[in-house]
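A.B. asks:
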Amino acid sequence: MMVGVWALCHQFWAYAQNHPVVLQALAGGSAAALATALGTVPVMFSQRMSERTQDTLFGFGAGVMLAACAFSLILPGLEAVRSQGMFGGSGWAAGGVIGCAILLGALTLMVMDKMLPHEHFIKGREGMDVDAARKLQRTWLFVFAIALHNLPEGLAIGVGYASGSAAGNALATGIAIQDVPEGLVVAVALLAAGYSRKLSVLLGMLSGLIEPVGAVLGAAIVSTSLSILPWGLGFAAGAMLFVISHEIIPESHRKGHETYATGGLMLGFVLMMIMDTSLS
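First residue of the sequence shown: 2, per the working numbering; consecutive thereafter.
#1: Should the region 188-206 be called in touch with the region 44-55, which here means at least 3 C-beta pairs below 8 Å?
#2: Measure from the alpha carbon of M274 to the alpha carbon of each residue in S73, G165, L24, then state which is nearest.
#3: What did DSSP end up calling K199 once you bin it into helix, strand or coil?
#4: Return the chain-ordered list of same chain residues with a C-beta closer than 6 Å to the C-beta of A188, the five sequence neighbours on each side being excluded.
#5: CB of M273 to nearest heavy atom of the ligand MG: below 7 Å?
#6: Classify W232: buried if its beta carbon has 16 or more other beta carbons within 10 angstroms, exposed otherwise.
#7: Are there 16 or more other CB atoms within 10 angstroms of the CB of P21, so buried, or fewer, so exposed?
#8: With DSSP collapsed to three states, give me the class of P21.
#9: Going straight from the alpha carbon of I222 to that of L234, what length do you get?
#10: Taking only the alpha-carbon atoms, compute the straight-line gap between F61 and L152 and give it to the nearest angstrom.
#11: Just how far apart, CA to CA, sit V82 and I245?
#12: If you check the beta carbons only, do F59 and V186 fall under 8 Å apart?
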């Protein structure tokens, strides 16, 4: 196994030498994963976070992701269609291409959500394969749910770097900022679900590792051809929008703290909007 891992790493490094955008995506995704790990640390030394604070942080993360979808993915995707002259490069063509890509990204996440057995902190178990869900330990069901949540963020970072370093930096920075409270919320939720403090922190830290994987995957696919770029931007936006609407906002509103969650969402959206326009 160690030889196989070494060979895989060697092949990846050889590939990355000729594709610097993949290295940038790896760095951006790793920064987001590190931010997630950093957010879990206070759980080792503090008491449980209040539900109102958790919902506010959920809302903040949703706001950051919404702004990232709009300003870092959808708008650049529309501009990419026009600049490449795809299907004539008209406004109708741009809207049609990005709209289809958004729906494709959301549909992909929806299918994964239906097929992969997983468990949410509040909604409980989901996924078509009930028998597989029963056989798996509850810990792994939580891990799968968190991976489904974080994969679109990693894809967005990778696609962002494929469209340009400025867009990639804006996305990576914004997602890393929202990953700090997200890591904290994940660890606190696992603690509330009955896991030990150490295991909650460990799982919270590991939950971010899917982001550099998604970032490398997104950058590698999109950087192969400029024509794929608009589709990649729209796909990442659609996947993130699905997670926001299907997971984050319902979770933040389920305990009766809608006002605080909405306030966090507005703050996160404005912060990411300012960062995106400044860094770009």
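Backbone N, C-alpha and C define an ideal beta-carbon position, used for all residues, glycine too. These numbers come from a predicted model, not from an experiment.
C.D. replies: This is what the structure gives:
#1: yes
#2: On the sequence shown, position 273 is the one that residue 274 refers to. Of the candidates S73, G165, L24, the one whose C-alpha sits nearest the C-alpha of M274 is S73.
#3: Walking along the sequence shown from the start, residue 199 turns up at place 198. If DSSP states are grouped into helix, strand and coil, K199 belongs with the helices.
#4: Sequence index remark: in the sequence shown, residue 188 carries index 187 (1-based). Hits under 6 Å: T41, V44, S201, V202, G205.
#5: The ligand MG is not part of this structure, which contains no ligands at all.
#6: In the sequence shown, the residue the question calls residue 232 occupies position 231. When all chains shown are included, W232 counts as buried.
#7: Indexing the sequence shown from 1 puts residue 21 at position 20. Exposed, because fewer than 16 other Cβ atoms sit within 10 Å of the Cβ of P21.
#8: Counted from its first residue, the sequence shown places residue 21 at position 20. Residue state, collapsed to three classes: helix.
#9: Translated into positions along the sequence shown, residue 222 becomes position 221. Translated into positions along the sequence shown, residue 234 becomes position 233. About 12 Å.
#10: What you label residue 61 is simply residue 60 of the sequence shown in a count that begins at 1. What you label residue 152 is simply residue 151 of the sequence shown in a count that begins at 1. F61 and L152 have their alpha carbons spaced roughly 19 Å apart.
#11: Within the sequence shown, residue 82 is the residue found at index 81, counting from 1. Within the sequence shown, residue 245 is the residue found at index 244, counting from 1. Spanning the two alpha carbons is a distance of roughly 25 Å.
#12: What you label residue 59 is simply residue 58 of the sequence shown in a count that begins at 1. What you label residue 186 is simply residue 185 of the sequence shown in a count that begins at 1. Cβ atoms of F59 and V186: closer than 8 Å.
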